[in-house]
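Just below is one structure, and these are the notes that go with it.
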Amino acid sequence: MTQLLSSAYWALPHDLRRSLSKLSSPTQYRKRCSLRQQGQNGVGLEPLDRHHAIFVHIPKAAGTSIVKSLFGCEGGWHMTLRQYSLIYSAEELNAAFKFTFVRNPWDRLYSAFSYLKAGGRNQADRQWAEQHLARVADFPTFVHEWLPRVDLESSYTHLIPQYRFLRIQGDTPRVDFIGRFETIADDYETIRARIGTGEPLAHLNPSSRAHDYRDVYTEDMKQIVAQAYHKDISLFHYTFEGFTTT
226 MTQLLSSAYW ALPHDLRRSL SKLSSPTQYR KRCSLRQQGQ NGVGLEPLDR HHAIFVHIPK
286 AAGTSIVKSL FGCEGGWHMT LRQYSLIYSA EELNAAFKFT FVRNPWDRLY SAFSYLKAGG
346 RNQADRQWAE QHLARVADFP TFVHEWLPRV DLESSYTHLI PQYRFLRIQG DTPRVDFIGR
406 FETIADDYET IRARIGTGEP LAHLNPSSRA HDYRDVYTED MKQIVAQAYH KDISLFHYTF
466 EGFTTT
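As structure tokens, this is what we get:
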């Protein structure tokens, strides 16, 4: 029933959805709208608004380096495109250059686990890791025992499938440009030229993991992750070793 109601809500006309959001969750609505100003600690959308851009920052896909190099700020952090659509009018959303970066799901999962297991970036990361990962000895245990038991669709931000950040109605990504972590240098320059701003790409928030992801997977681990993130793999044309061009 919840899924049916959600589908019906996101099928409503854009401005009606915004109005209902404002009425049903006024505090949250005002908080999100306030992001259109430059907020504390560099979080804010004002620099992006000046360039008519929306960056959907998918966790563990180099988003911090990208948004800071382009705009000198943190942007809207990990807001989904659905959340952006509730604070922008239909005209603003359509006119904005909407872009994102995705990452190989097997690689991203190993990066996210290593990042959270090491304590993450903030208190929320640390608290989540203490609650969920304290008894998980290593990455194989995480994949075999933890991953199959959870609903990733509503899991922690760093583990949610990537397509969910990019959809509005249905599952199809609704952004104008999808860059790849694997081709970040070239894709970053494409975006930089498109929006007409930004510095050379800086490497921020580097991973602390010790191994390449391809070295830590067994065949059965590959299959577990393939099943868990099958929509990401299909929509973004990834294979374990890389991606296919379409």
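Residue numbers for the sequence shown follow this note's numbering, beginning at 226 and rising by one. Beta carbons: idealized from backbone N, C-alpha and C, even for Gly.
Through-space distance from residue j to residue i, alpha-carbon basis
{"i": "T421", "j": "A359", "result": "Note on residue identity: the sequence assigns Gly, not Thr, to residue 421. G421 and A359: Cα-Cα distance of roughly 45 Å."}
{"i": "Y309", "j": "R261", "result": "10 Å"}
{"i": "F390", "j": "R374", "result": "22 Å"}
{"i": "L229", "j": "E424", "result": "44 Å"}
{"i": "I449", "j": "S249", "result": "38 Å"}
{"i": "G267", "j": "I458", "result": "33 Å"}
{"i": "Y463", "j": "Y442", "result": "16 Å"}
{"i": "F402", "j": "V368", "result": "31 Å"}
{"i": "M304", "j": "T415", "result": "23 Å"}
{"i": "D440", "j": "S339", "result": "14 Å"}
{"i": "S314", "j": "K323", "result": "14 Å"}
{"i": "F461", "j": "W302", "result": "22 Å"}
{"i": "E370", "j": "M226", "result": "29 Å"}
{"i": "D412", "j": "D240", "result": "33 Å"}
Sub-8 Å separation of residue i and residue j beta-carbons
{"i": "Y234", "j": "R242", "result": "yes"}
{"i": "A321", "j": "A286", "result": "no"}
{"i": "A453", "j": "L341", "result": "no"}
{"i": "V292", "j": "T325", "result": "no"}
{"i": "F468", "j": "N329", "result": "yes"}
{"i": "P398", "j": "R405", "result": "no"}
{"i": "L311", "j": "V400", "result": "no"}
{"i": "P365", "j": "K456", "result": "no"}
{"i": "I427", "j": "S294", "result": "Checking the sequence, you will find Ala at residue 427 rather than Ile. Result yes, Cβ atoms of A427 and S294 sit closer than 8 Å."}
{"i": "T382", "j": "P284", "result": "yes"}
Beta-bridge partners of residue i, as assigned by DSSP
{"i": "I403", "result": "T325"}
{"i": "V268", "result": "G300"}
{"i": "V281", "result": "T325"}
{"i": "F468", "result": "Y463"}
Where residue i sits in the DSSP three-state scheme
{"i": "G300", "result": "strand"}
{"i": "Q262", "result": "coil"}
{"i": "Y454", "result": "coil"}
{"i": "S294", "result": "helix"}
{"i": "H276", "result": "coil"}
{"i": "V368", "result": "helix"}
{"i": "D363", "result": "coil"}
Distance cut-off 7 Å: residue i Cβ against heavy atoms of the ligand HEM
{"i": "A362", "result": "Of the ligands one can find in the structure shown there are none, so the ligand HEM has no counterpart to examine."}
Taking 8 Å as the threshold, find out whether the region 332-339 comes into contact with the region 287-301 through three or more Cβ pairs. Not touching, per the Cβ criterion.
Decide yes or no for the touch test of the region 298-318 against the region 345-355: beta carbon pairs closer than 8 Å, at least 3 of them. Verdict: no, contact absent.
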